[in-house]
Amino acid sequence: MAQWPRDKPKAALVYLVHRFGYLETSIRSVGNYFCHKFDYPIIIFHEADFFNVADMTKDVLLEAAVMNSSRVFFQLIEFEIPKFLTKPVPGHMKIPCISSIGYRHMCRFQAKGVFEQPVIKELEYMWRLDDDSELLAPVTYDVFRFMHNRHLDYGYVWRHLDAMVCVTGLWDAAREFLDKSKIKPQFFDRWSEPYLFYNNFEVSRLSVWLSADYRSYVDYIDSKGGIYYHRWGDAPIKGIAVSIFIPENRTHFFTDMKYRHGSFVNSQTNAIHVRWYNENPQIGSVL
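In this note's numbering, the protein residues as written are 378 to 664.
Shown next as structure tokens:
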């Protein structure tokens, strides 16, 4: 990072992974359609057993990256249930979607732990993707320069609703935090429960997540234990944070990204729905 070009945003694409097969496809698409032209590094966070899935996992990923002039860095992480939790943590939840302890570890990492990683603290921007994220067409402009030049803090491709049972108590906890902190929120009063940004595609300015205010917020939310007891996801936790800390005019809806995540494909229809919500925020849904 010390030799980063002065005129280029200090940024990276960031994954937390556990599925090799999906990741190889994702890395190839990102390399072909973005990194090959704009030359940003890819950081892959993984647990120790990730490379036990296949003997050649790292070599295959590096080959996929090198073919597209991408630089890939692997960072080992370890998960554990927080020691401050006093009640037993359910091993496997069905509420209504299945949620393993590993999934809840992932949620906590994406909301909190990733911003404690030294390599992340060196960056100005990060583009978070999931291991099954896939770009479907060339990105014709530097996404990070776009964010920087327009003074944007948060970019997304879709807004969505979580299952109400999976955010039990989360909005109440956020209101408690606001009452205690006396922070004046940006547009939280219009951020309807259980709304979220579909953050498997998320471009953000790291100063937001590294700020003392966000740290206070996420530590407060974390202390409630809802990530492990109710499956509070990182998407609603961070979506609330965006509505508290970021002016709405510093968020951006990427309508021009050809992007797939599982069965979701970014499209013009999605853009119409989100614009409709923006014009009718009292409705609280784009579905």
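We put the CB at the ideal spot given by N, CA and C, even for glycine.
- Around the beta carbon of Val595, 16 or more other beta carbons sit within 10 angstroms, so the residue counts as buried.
- Counting every other CB atom within 10 Å of its CB across the protein chains shown gives Phe578 a total of 16 or more, marking it as buried.
- Under the three-state reduction of DSSP output, Phe631 falls in the coil class, being neither helix nor strand.
- DSSP assignment within the stretch 528-570 yields the following whole alpha helix (DSSP H) runs of 4 residues or more, N-terminal first: 547-558.
- Met470 has Ser476 as its beta-bridge partners, per DSSP.
- Distance check between Pro571 and each of Met541, Arg627 and Leu583 places Met541 closest, using alpha-carbon atoms only.
- For Leu583, the enclosing alpha helix (DSSP H) stretches over residues Leu583 to Trp586.
- Under the DSSP assignment, Ala589 falls in the alpha helix (DSSP H) whose first and last residues are Ala589 to Ser600.
- Here the C-alpha atom of Tyr591 lies approximately 34 Å from the C-alpha atom of Pro515.
- Contact check for Ile623 against Tyr502 fails: the beta carbons are separated by 8 Å or more.
- In this structure Leu547 touches Pro613 by the C-beta definition: roughly 6 Å separates them, less than 8 Å.
- Three or more Cβ pairs drawn from the stretch 390-406 and the stretch 417-428 lie within less than 8 Å of each other, which places the two stretches in contact.
- When Cβ pairs closer than 8 Å are counted between the two stretches, the stretch 506-514 is seen not to touch the stretch 617-631, the count staying below three.
- Lys615 is the residue among Tyr606, Arg637, Asp519 and Lys615 whose C-alpha sits nearest the C-alpha of Gly490.
- Here DSSP, grouped into helix, strand and coil, assigns His638 to strand.
- Secondary-structure assignment with DSSP links Ile421 through a beta bridge to Tyr392 and Phe451.
- For Arg522, the enclosing alpha helix (DSSP H) stretches over residues Val520 to Asn526.
- If the five residues before and after Tyr410 are omitted, its C-beta is found closer than 6 Å to the C-beta atoms of Leu512, Pro515 and Val516, all from its own chain and listed in chain order.
- Rounded to the nearest whole angstrom, the C-alpha separation of Phe641 and Leu538 is 14 Å.
- Around Ser477, the same chain offers His469 as residues with beta carbons nearer than 7 Å, after the five sequence neighbours per side are excluded.
- Secondary-structure assignment with DSSP links Glu579 through a beta bridge to Arg505.
- If the five residues before and after Leu500 are omitted, its C-beta is found closer than 7 Å to the C-beta atoms of Lys387, Ala388, Ala389 and Leu583, all from its own chain and listed in chain order.
- In this chain, the alpha helix (DSSP H) harbouring Tyr605 covers Gly603 to Tyr606.
- Straight-line measurement puts the Cα of Tyr575 at about 12 Å from the Cα of Tyr636.
- Counting the other CB atoms within 10 Å of its CB gives His482 a total of 16 or more, which places it among the buried residues.
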